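Numbering (my numbering), first residue to last: 1 to 131.
Okay, structure coming up:
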């Protein structure tokens, strides 16, 4: 049987370890999330919806917020935004699959590009033709 003092010590250690999973002093901020995979069809019909799958790697302490879409005459640029909450050692990063659907009109051919954060490597791109 444990003494009341050892049980109190055990509960204090458990509480301290659980509270380390939350960093209340950290300031949240918007960050571009890195993408590890881009899936887009190589061809679509002129009236079809374009469905693009993007696999993101948010990292520790970062949650997904949104994907911004910018269309130009020759490109659709996707930027995945997240919110950095500070270092959270108890939250392992998990890949995240996001699906984006866009309607026509589309040019005869165009690129779908996922913007990468600075230092994460080249942007991911896929060419799409309208047939």
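Backbone N, C-alpha and C fix where the C-beta goes; we use that ideal spot for every residue, glycine too.
Quick caveat, the model's predicted, so the values are computed rather than measured.
With fewer than 16 other Cβ atoms inside 10 Å of its own Cβ, residue 103 counts as exposed. One thing to note: residue 33 has its Cβ within 8 Å of the Cβ of residue 80. The bridge partners DSSP lists for residue 111 are 75 and 127. Assigned with DSSP and collapsed to three states, residue 106 falls in coil, not helix or strand.
A distance of 8 Å or more separates the beta carbons of residue 111 and residue 122.
Under the 10 Å beta carbon count, residue 73 is surrounded by fewer than 16 other beta carbons and is classified as exposed.
For the pair residue 43 and residue 109, the Cα-to-Cα distance works out to about 9 Å. The residue from 131, 130, 119 and 114 with its alpha-carbon nearest to that of residue 39 is 114. Here the C-alpha atom of residue 131 lies approximately 20 Å from the C-alpha atom of residue 125. Out of 57, 87 and 117, the CA that lies nearest to the CA of residue 97 is found in 57. Across the structure, residue 29 and residue 36 are spaced so that their CA atoms are roughly 22 Å apart.
Nearest to residue 61 by alpha-carbon distance, out of 83, 69 and 76, is 83.
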